[in-house]
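Protein chains in written order, with this note's numbering: chain Z, 2 to 374; chain H, 2 to 374.
2 protein chains.
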Amino acid sequence: MISHPFRFDLLARQARARAGTFHTPHGDIETPIFAPVGTQATVKAVTPTQLAEIGASLVLANTYHLYLRPGADLIASLGGLHKFMAWDRPILTDSGGYQVFSLAKIRKIDDEGVTFKSAIDGSSHRFTPVSSIQIQQKLGADIIMTFDECTDPLDRKGVEKAMHRTHAWAEECVRVKSRSDQALFGIVQGGAYPDLREQSTQFISSLPLPGFAIGGLSVGESKSQMLAILELVDSILPENKPRYLMGVGSPEDLLNGISRGVDIFDCVLPTRLARHQAAFTPAGRINLVNAVYFDDPKPIDETCGCYTCQNFSLAYLRHLILAKEILAAILVSIHNLFFLLDLTRKSRQTIFTGTFSDFAGSFLEKYKVRHAQ
Amino acid sequence: MISHPFRFDLLARQARARAGTFHTPHGDIETPIFAPVGTQATVKAVTPTQLAEIGASLVLANTYHLYLRPGADLIASLGGLHKFMAWDRPILTDSGGYQVFSLAKIRKIDDEGVTFKSAIDGSSHRFTPVSSIQIQQKLGADIIMTFDECTDPLDRKGVEKAMHRTHAWAEECVRVKSRSDQALFGIVQGGAYPDLREQSTQFISSLPLPGFAIGGLSVGESKSQMLAILELVDSILPENKPRYLMGVGSPEDLLNGISRGVDIFDCVLPTRLARHQAAFTPAGRINLVNAVYFDDPKPIDETCGCYTCQNFSLAYLRHLILAKEILAAILVSIHNLFFLLDLTRKSRQTIFTGTFSDFAGSFLEKYKVRHAQ
């Protein structure tokens, strides 16, 4: 069941950091890469053309949301997700697992699946490993994910039970997945517990799959726990397949992840921050409403090559935000996405030249980490 | 006081319809033209790059709004409006007259000006012909407007008084206007009364100005009154200067205005409709939320060359609207603006080839006019 069009070429390494190329039917993904999130078949506030100009290759969409609205059958009847959202580069859909456990009102979880209530109209729905794959096959993304159970990472009993279920569900997903133009990735779980993570990594990586994801991180455990688990998982996963760290995407997490062997990241952070007036800079996040920017003619980041920084001042952005103009969300989203994609681009370049650890160290020294909003 | 860089070349006519070129320091405006409105120094939901791709040349910004926030001095200190909003093509600012009379809480009107209360913070402000020109000179648009008093067009006593004041204020504006890289346009008033309109057109067109506007229409009078007044004003205004019909911009009004000698239009309609899920089509306006579009793979208009129609289905747009995604406002704004600019582009072409009246007649026959939302 391995989908052979999905070759991963590992092209360079520096220590544990990797540069590679993952080939998909909609083009190559040059790793490490950050994937913008298009939850409802749109990366919020930007057009596909702007996304391409920013340099995005892989975009993520959410199975849970699209299943509920507008529906997978509709998207399939319109030619699939690529055509629907006019994105002709690679797309990844998650399995719906994370969203159903974090967003939906759950009515019943058992070994076969999850019954939940729609947040849109209160109707009842059921996700199983089989239905998750069927939905993802209708959506037609290049990379699809096994259905997993997500729990509190610090509740050992719950984590253990969910992990075993996740393993059984992964096998089920491998069995039913049938489209050869989609790559199915398995998801490592195991919460904050090294022994469970080791067990899960060994099980999941034994499945005949072209890529693996690390799930259930950055959801409650400490940063040092997260990094220790990344190191552990990295030491077990096969070298010749891509590794995707799910839902993680602050600048510091990207660099810390890349230096621990991660190839692919996704996160709503850059676009969500943009709609809350916060922008990434090399010195850390800034709040664009701050009165100091009232008459500032400089861009968000003078070293940035994005459309926003090439054309607009901090004073103008602050004006747009105070005037509640949609263009504020557009321009800051473009900048924040560019910032993260530029970070993964530079990481890749410096892995090739053997200077990634200097680059990452120098970036992290200047970048002041703030706690999440 | 005529600003000589602002030459108007009248290039072709068909009956009363005119095709021309108005030269400005930021490039040529090929008329007839529709000017998108960027009230707060942004055309809502589109970037300057998208606006240029749509084919916009002239963009309007509002003196009243920009004076209150972020302030004309700030914009001047940042290099003027073109640099502030990153629009290097022509800009027109209105005088603040219309907004102060329609939006602000007025405290006092006298022969010297208007005292009003800011809608943002309740503070007290005064606009006079002199201050309006001073503010517009700080903003730095290519075309600026004389300060006028706007009243109910069907109250003859009020219209007459406001007209005389508007004439005196126009003379004052001509006296104080000093920047040679800005063209000052006078505004014809006179409400729905032909004799007052005639008087006003004769007075305003006697001023040494490079262009003239027709104000106070489409604000209460009937359509037939509006068209009769346009015909009257057209017969008096000088041939060799551009005529700008303020605040008018439905497809039918554009064609009816062009066939009565109008060269320039502006209106918030296309972007406002877009944010209320309505799109222009050759058959009339459509409501994009309509359930019939649930699975429609066609674009808004199969004959349209805009980015939205080239890439996205009605089903996708309806999904974005129901999902409350910002991209809906972006894509529909792009389409609606393109639709009007395309209409003025085709009007110009057909004036050159002598087929404008056929083009307009054929368009209006198919286009079903609905009453404003």
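We treat Cβ as the ideally placed atom computed from N, Cα and C, and that holds for glycine.
Everything numeric in this text was worked out from a predicted model, so none of it was measured.
| Query | Result |
| --- | --- |
| Interface flag, H:S314 vs chain Z, CB-CB below 9 angstroms | yes |
| The stretch 286-299 of chain H: positions lying closer than 7 angstroms to chain Z by Cβ | D296, P298 |
| C-alpha gap between Z:L256 and Z:G21, whole angstroms | 16 angstroms |
| Beta-carbon proximity check, Z:L155 vs Z:G123, cutoff 9 angstroms | no |
| Z:G285 - DSSP class collapsed to helix/strand/coil | strand |
| Contact list for H:L82 against chain Z, beta-carbon separation under 8 angstroms | None at all; the shortest Cβ gap to chain Z is about 10 angstroms. |
| Z:C268: first and last residue of the uninterrupted alpha helix (DSSP H) it sits in | No alpha helix (DSSP H) contains Z:C268, which is instead part of the beta strand (DSSP E) from 265-268. |
| Anticipated Cβ contact below 8 angstroms, H:L387 with H:S206, distance rounded | Absent from the model: residue 387 of chain H. The displayed extent of chain H is 2 to 374, so no value can be given. |
| Cβ contact (3+ pairs, closer than 8 angstroms) linking the stretch 264-272 of chain Z and the stretch 347-365 of chain Z | no |
| Limits of the unbroken alpha helix (DSSP H) element including H:V370 | Element bounds for H:V370: n/a, residue is neither H nor E. |
| Range covered by the beta strand (DSSP E) that runs through Z:R244 | 244-246 |
| Proximity of Z:L341 and Z:F23 at Cβ, strictly below 9 angstroms | no |
| Selected residue, minimal CA-CA separation from H:E173, among H:N337, H:L93, H:L210, H:G362 | H:L210 |
| H:A142 beta carbon less than 9 angstroms from that of H:P91 | yes |
| Continuous beta strand (DSSP E) stretch holding H:H24: start and end | 18-25 |
| Supposed close pair H:A324, Z:Q100 - CB separation, criterion 8 angstroms | Between Z:Q100 and H:A324 the Cβ distance is about 14 angstroms, and since that is not below 8 angstroms, they are no contact. |
| Under 8 angstroms from the C-beta of H:I331: neighbouring residues of chain Z | A46, T48, I327, I331 |
| Residue-chain proximity (H:T43, chain Z), Cβ-Cβ < 9 angstroms | yes |
| Local conformation of H:K45 per DSSP, three classes | coil |
| Environment of Z:E366 [buried if 16+ CB atoms lie within 10 Å] | exposed |
| Separation of H:T309 from H:R8, as counted between CA atoms | 36 angstroms |
| Near-chain H residues of the stretch 25-43 of chain Z (beta-carbon distance less than 8 angstroms), N- to C-terminal order | Q41, A42, T43 |
| Residues of the stretch 84-103 of chain H with Cβ closer than 9 angstroms to any Cβ of chain Z, in chain order | K84, F85, M86, A87 |
| As assigned by DSSP and simplified to three states, the class of H:F295 | coil |
| Neighbour-count burial assignment, Z:S103, 16 or more Cβ in a 10 Å radius | exposed |
| Under the three-state DSSP convention, the category Z:D89 falls into | coil |
| Interface partners of Z:L338 on chain H, CB under 8 angstroms | Per Cβ cutoff of 8 angstroms: no residues; Z:L338 is ~14 angstroms from chain H at best. |
| Stretch-stretch touch, CB-based, cutoff 8 angstroms, three pairs: the stretch 311-322 of chain Z with the stretch 223-235 of chain Z | no |
| Neighbour flag for Z:A120 against chain H, beta carbons, 9 angstroms | no |
| Interface flag, H:R70 vs chain Z, CB-CB below 9 angstroms | yes |
| Under 9 angstroms (Cβ pairs) to chain Z, residues found in the stretch 256-279 of chain H | R276 |
| DSSP-derived helix/strand/coil call for Z:S58 | coil |
| Beta-carbon gap between Z:P37 and Z:V44 smaller than 9 angstroms | yes |
| Minimum Cβ-Cβ distance from Z:H126 to chain H less than 9 angstroms | no |
| Alpha carbon of Z:A13 to alpha carbon of Z:D235, nearest angstrom | 16 angstroms |
| Three CB pairs or more closer than 8 angstroms across the stretch 146-154 of chain Z and the stretch 181-200 of chain Z | yes |
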